[in-house]
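*Asks:*
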Amino acid sequence: MTRIRYSKDMDILLVELSGEPIDHAEECGQLIVHFSKQGEPVLLEILEAKDFVLSSLSSLMKEAEVTLP
């Protein structure tokens, strides 16, 4: 069950991939991935989500590959 939430105040997009407990997280630029003890992704946290989504959509329209910072 995937659940998506957006915080307008903080401009963060949360994509919940499973209900497993979170063990640890790894950050790469605007993206934070939270993992279970088994190493499976549980939650994606996208910082500065508005810019991320708009640049991703713009790249899709141009059929270009998106490069994450």
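Residue numbering for the sequence shown follows the working numbering, beginning at 6 and increasing consecutively. Note that CB positions come from ideal geometry on N, CA and C, so glycine has one too. This one's a predicted model, so the numbers in the text were calculated from it and none came from an experiment.
So residue 41 and residue 25 are in contact, right, with Cβ under 8 angstroms, and what is the actual spacing, rounded?
*Replies:* Contact flag correct, Cβ pair sits at about 4 angstroms.
*Asks:* Could you name the residues of the same chain whose beta carbon sits closer than 7 angstroms to that of residue 28, not counting the 5 residues immediately before and after it, in chain order?
*Replies:* 40, 41, 42
*Asks:* Any idea if residue 58 is buried or exposed, counting beta-carbon neighbours within 10 angstroms, 16 or more meaning buried?
*Replies:* exposed
*Asks:* Could you give the first and the last residue of the continuous beta strand (DSSP E) run that contains residue 26?
*Replies:* Residue 26 -> no beta strand (DSSP E), and no H or E assigned at all.
*Asks:* With a threshold of 7 angstroms (Cβ to nearest heavy atom), would residue 56 be considered close to the ligand MN?
*Replies:* Of the ligands one can find in the structure shown there are none, so the ligand MN has no counterpart to examine.
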